[in-house]
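The next block holds one structure in the form of structure tokens; read it before the comments.
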């Protein structure tokens, strides 16, 4: 059953466009974790993406409002980048170079990601850090 006060956040129109800011992507990561923890897989009448969208639009630190459809499509794009980056970070951790601290390994992973992606930088490190900490 949908809760009336949440329905205001399910508008399918969106003026934010497909290109979000780093703050948008960090907010999206935070909304995903909040939703995942709060719902524990049970969304009670809403789809998971609707719940993520509600959490995103309720977050006062998020600079834009967005539709559920845009939230879902941006999550798919971001998740692919997060998964690729996470794999590189895991490889760097596995290498366990003596004397390197975690920050050094993350910087090495960042350089590897950039090299593997035609010089394109991984721009969502803050969002990645939020997702990497999720329970």
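In this note's numbering, the protein residues as written are 1194 to 1328. Ideal Cβ positions, reconstructed from N, Cα and C, are used throughout, including at glycine. Since we're looking at a predicted model, the values are computed, not measured.
In three-state DSSP terms, what is residue 1148? Outside the shown range of the chain, which is 1194 to 1328, sits residue 1148, and nothing can be said about it.
I'd like the span of the alpha helix (DSSP H) that includes residue 1257, first residue to last. As a working mapping, residue 1257 is identified with position 64 in the chain shown. Here residue 1257 belongs to no alpha helix (DSSP H), and DSSP marks it neither H nor E.
Here's the rule I'm using: 16 or more other beta-carbon atoms within 10 Å means buried, otherwise exposed. How should residue 1278 be labelled? For the purposes of this step, residue 1278 is identified with residue 85 of the chain shown, where counting begins at 1. The residue is buried, with at least 16 neighbouring Cβ atoms inside 10 Å.
Is DSSP giving residue 1239 helix, strand or coil here? Position 46 of the chain shown, counted from the first residue, corresponds to residue 1239. Here residue 1239 sits in coil by DSSP.
Which whole-angstrom value describes the C-beta separation of residue 1282 and residue 1264, a residue pair presumed to lie in contact below a C-beta threshold of 8 Å? Indexing the chain shown from 1 puts residue 1282 at position 89. Indexing the chain shown from 1 puts residue 1264 at position 71. The pair is not a contact, with the Cβ atoms about 25 Å apart (cut-off 8 Å).
Around the Cβ of residue 1214, are there at least 16 other Cβ atoms within 10 angstroms (buried) or fewer (exposed)? Within the chain shown, the letter at position 21 stands for residue 1214. The C-beta of residue 1214 has fewer than 16 other C-beta atoms within 10 Å across all chains shown, which makes the residue exposed.
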